[in-house]
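I have placed the structure first, in the form of C-alpha cells, so that the comments after it can refer back to it.
Numbering (the numbering used here), first residue to last: 64 to 251.
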C-alpha cells in the first residue's frame, strides 16, 4: 500500500495503476503454485522461504537505491536528445516482481485459500481460480481507489520542489523500511 501511495503521489495515477496491475498479475503466480502443490512444498522448506524473502529484501534495497539515484539525476540538466526508457513496463514489472518475491503473499495463499476452496471435494481447482479472480479484482479496485485519491493531492503538489524532494526521500525510506521488516521477520 505504501508503494502505491508513493507512486501515485510522485508519478501520478497512470504509474500507480501500472504498478497495481503488476501486483495483481503476480497473484496468478501464487495461484498456479497453489494449484500445483508447489506452494505447500515451499512452505515446508524454511530455507526456501528465507531465500525468497532474501530476494525480496535485495530487490527492495535495489529499488531504494534506484529511487535515490533518480532523485540526483533529476537535479542535473536534462539532455533533450537523450531518450528515456518507457516507464510503463518498468512499473508493471516492478509490481509483478514485488508480488512474486514477497513470501507473505505465498503464506497468505497457503493459509486462507485452501480453507475456502474445500480441497477434499472435486472441483477445488476451479474454486481456487474463482477465489484468485475475486482477490485480484477486489485488490485492484482497493489499491486503485487509494492511488486515485493520492494522485489528486500529490500531483498538485509535485510542482513544489520542496514537496517533490520530500516525496523522493519518502519513497527511499519506504523501500528501506519494507526491506528491513522483511529481513527481520522472514530472513533472520
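Quick reminder that beta carbons are idealized off the backbone N, C-alpha and C, glycines included.
Tell me the rounded alpha-carbon separation between residue i and residue j.
i, j, result
"residue 76", "residue 64", "14 Å"
"residue 212", "residue 183", "43 Å"
"residue 67", "residue 214", "10 Å"
"residue 159", "residue 224", "31 Å"
"residue 177", "residue 103", "11 Å"
"residue 82", "residue 238", "15 Å"
"residue 113", "residue 189", "30 Å"
"residue 195", "residue 234", "29 Å"
"residue 115", "residue 242", "13 Å"
"residue 155", "residue 105", "26 Å"
"residue 219", "residue 74", "11 Å"
"residue 69", "residue 192", "31 Å"
"residue 204", "residue 153", "21 Å"
Does the beta-carbon of residue i have 16 or more other beta-carbons within 10 angstroms, so that it is buried, or is it exposed?
i, result
"residue 185", "exposed"
"residue 110", "exposed"
"residue 249", "buried"
"residue 141", "For residue 141, the predicted model reports a pLDDT of 38, less than 50, meaning its position is unreliable; a value from the coordinates is still stated below. That one is exposed."
"residue 232", "exposed"
"residue 172", "buried"
"residue 127", "buried"
"residue 133", "exposed"
"residue 169", "buried"
"residue 240", "exposed"
"residue 107", "exposed"
So that I know if they touch, is there some Cβ in chain B lying closer than 9 Å to that of residue i?
i, result
"residue 78", "Reference to chain B is not applicable here, since this structure consists of a single protein chain."
Which whole-angstrom value describes the C-beta separation of residue i and residue j, a residue pair presumed to lie in contact below a C-beta threshold of 8 Å?
i, j, result
"residue 210", "residue 101", "Residue 210 to residue 101, Cβ: 31 Å. No contact."
"residue 230", "residue 72", "6 Å"
"residue 179", "residue 90", "So it is not a contact: roughly 15 Å between Cβ atoms."
Between the stretch 151 to 165 and the stretch 113 to 122, do three or more beta carbon pairs fall short of 8 Å?
yes
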